[in-house]
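Report on the following structure.
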Amino acid sequence: MTNNKNSKAYEWKLVILLTILWGTVGLDRLAIVYLFPMIMPEFNLNNAQAGALTSVLAMTWAVSTWGLGNISDRVGRKKILIPATIFFSLMSWVSGIAKSYSGLMIVRGLLGIGEGGVFSTSVAAISEVSTPSKRGLNLGIHQSSFPLVGIGLGAIIATQLTAVFGWRLVFFIVGLPSLIIAIILGIKMKESKLSPKNSVQNNSIINTQEQTEAKSGIFEALKYRNVKLSSLVGCFYMTWLFVFTTFAMMFLTQVRGMSLATAGFVMSGFGFGGCVGMILISGLSDYFGRRTMLIISFFINGISVLLFTYSGTNAVVLFGILFVGAIFAFGCAPIYMSLCTTESVPKHLAGSSVGIPGAVGEVFGAMVMPIVAGIVADNLGLTSTMMLATISPFIAAAVCFLYIETSPRVLAKRNKAENLSSLDFTN
């Protein structure tokens, strides 16, 4: 009884700490997009160059989340998580002293190395300590902090601090909390104990042969259907996310004519709604299924971006559209990237199963598409760029029909129903 209580206490302690850490990752990564209206004139940048600043981080994030996720499968989560956190915190500080566009590009690329390592290892760590029936909720809570802190609070923090201190000091301020969390995790976090022979997820879609023949390798997780599908879905999800977040502030200030502060208020609705969605939608997927919630959520996501693009200049209305749309949009992330993957593979492949879709999505959606969207914006206008963000969720919804269901609750209900239907009540 005591061990069970201690296990649950540690589970919640780790979820809370990693949730706060993931929020600081969102803040460090996205702070620059809120500062673009200040940075672009200082460095004389066009939209394509601004997009490249987000793309270079995505490129290094992709390599890091896959590579370091795989390494953490072998050496343990803590050994990767703590150094990666310290590194990206320091790179956030260095961003504030960049003197040229090329220098800022290099620093943002280095920042992605640390942040990518934090993502795959933190998701795998939470998946390992979570009670199976609470895995969706825990990962939803964890990933909800990215939109809450990175977008909701981040849009307000960055724009308001810039008005007082200038954009350079903002990078020093947002890099401090993650260093504090790294110290606490270094004291409180227990190292994972992984072994390919005894580290299989408690999930019925992994058959006995797969459990017996469990192997470890950087491409091993790609043998599982849901990992492949999540990699494809990730391309369209990341296209929506990073095309929209990269250019939404400029769309509001340049096309809609809003002030930086008003645009920051509008974008905060995006983050607050996303926080709610990651907890709510992930929790609902425990009961109604991963696939069902993904299809519904991606469809509503696409509609919300379309409404945002053509709903005029009323800040309150735009805030409301982003808030509601983000509930469903961000609710997709922990399901496709964390739940459908980690629940489909042996536990010793959890880091790789998260890292692969994260890497593929980053390369296509967060590295390539912001540059493409920037070129589109320079030639056709920012409204056309918003259309790229509109189409992607609808394509993702179509792909989600191919998922194999992994929710432990849903699978248990199905097994119970099948057992009942097989009973003979005629005698």
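So for the sequence shown, numbering that gives the first Met the number 0 puts the first residue at 0; every next one is plus one.
For glycine and all other residues, C-beta sits at the position ideal for the given N, C-alpha and C.
Just to confirm, is the Cβ distance from residue i to residue j under 7 Å?
{"i": "K7", "j": "E190", "result": "no"}
{"i": "F297", "j": "P392", "result": "yes"}
{"i": "P146", "j": "T23", "result": "no"}
{"i": "N225", "j": "S337", "result": "no"}
{"i": "S351", "j": "G66", "result": "no"}
{"i": "G276", "j": "G330", "result": "yes"}
{"i": "S144", "j": "W11", "result": "no"}
{"i": "A325", "j": "F246", "result": "no"}
{"i": "F271", "j": "I394", "result": "no"}
{"i": "R289", "j": "C339", "result": "yes"}
{"i": "D27", "j": "S126", "result": "no"}
{"i": "A358", "j": "T64", "result": "yes"}
{"i": "T389", "j": "L305", "result": "yes"}
Using only alpha-carbon positions, find the residue among the options that is nearest to residue i.
{"i": "I70", "options": "G95, S119, L305 and I179", "result": "S119"}
{"i": "N43", "options": "K98, T384 and W60", "result": "K98"}
{"i": "N313", "options": "I302, L251, P345 and C331", "result": "L251"}
{"i": "D285", "options": "R107, G108, V409 and T53", "result": "V409"}
{"i": "S383", "options": "V315, V242 and I156", "result": "V242"}
{"i": "F431", "options": "F264, S230 and L305", "result": "There is no way to answer for residue 431, as the model of the chain reaches only from 0 to 426."}
{"i": "L17", "options": "L221, F307 and K187", "result": "K187"}
{"i": "A123", "options": "N137, S132, G113 and G111", "result": "N137"}
{"i": "V117", "options": "W60, F171, V74 and Q159", "result": "W60"}
{"i": "G113", "options": "S129, I81 and Q142", "result": "I81"}
{"i": "P307", "options": "V232, M385, I403 and M249", "result": "Going by the sequence as given, residue 307 is Phe instead of Pro. The option with the nearest alpha carbon to F307 is M385."}
{"i": "S303", "options": "A411, F164 and W239", "result": "W239"}
{"i": "V32", "options": "M266, G185 and V353", "result": "M266"}
{"i": "T341", "options": "V106, V323 and Y223", "result": "Y223"}
{"i": "A428", "options": "A388, S63, R73 and G373", "result": "The chain is shown from 0 up to 426; residue 428 falls before or after that span and cannot be answered."}
{"i": "G115", "options": "I390, M292 and I85", "result": "I85"}
Keeping to the same chain, check which residues put their C-beta closer than 7 Å to that of residue i; ignore five residues upstream and five downstream.
{"i": "L29", "result": "G149, I150, G153 and T244"}
{"i": "L279", "result": "I326 and G330"}
{"i": "I401", "result": "Here residue 401 turns out to be Leu, not Ile, going by the sequence shown. Closer than 7 Å at Cβ, skipping near neighbours: L228."}
Less than 8 Å between C-beta atoms, sequence neighbours within five positions excluded: which residues of the same chain meet that for residue i?
{"i": "M237", "result": "A57, G360, E361, F363, G364, A365 and M368"}
{"i": "I370", "result": "A47, G50, A51 and S54"}
{"i": "I183", "result": "L16"}
{"i": "L160", "result": "L168, V169 and I172"}
Less than 6 Å between C-beta atoms, sequence neighbours within five positions excluded: which residues of the same chain meet that for residue i?
{"i": "S88", "result": "G174, S177 and L178"}
{"i": "V254", "result": "L381"}
{"i": "I19", "result": "I180"}
{"i": "Q208", "result": "Interpretation of Q208 is limited by its pLDDT of 41, a score under 50 that renders its predicted location unreliable; no figure is taken from the coordinates."}
{"i": "L259", "result": "P36 and T158"}
{"i": "F424", "result": "Because F424 carries a pLDDT of 43, less than 50, the predicted location of this residue cannot be relied on, and the following value inherits that uncertainty. So no residue of the chain qualifies."}
{"i": "N206", "result": "For N206, the predicted model reports a pLDDT of 47, less than 50, meaning its position is unreliable; a value from the coordinates is still stated below. Within the same chain, N206 has no close Cβ partners at all."}
Between which two residues does the alpha helix (DSSP H) harbouring residue i extend?
{"i": "A376", "result": "M368 to L379"}
{"i": "I403", "result": "Counting along the chain, I403 falls outside any alpha helix (DSSP H), and DSSP gives it neither H nor E."}
{"i": "Q48", "result": "N46 to V74"}
{"i": "H141", "result": "R134 to S144"}
{"i": "S119", "result": "Y100 to V128"}
{"i": "Q159", "result": "G153 to F164"}
{"i": "G282", "result": "L259 to F287"}
{"i": "V226", "result": "R224 to M249"}
{"i": "G360", "result": "A349 to G360"}
{"i": "I320", "result": "A314 to P333"}
{"i": "V93", "result": "K77 to S94"}
* To do: Please list the segments of the alpha helix (DSSP H) lying wholly inside the region 8-36, counting only runs of 4 or more residues, in order along the chain.
  => The region 8-36 contains no complete alpha helix (DSSP H) run of 4 or more residues.
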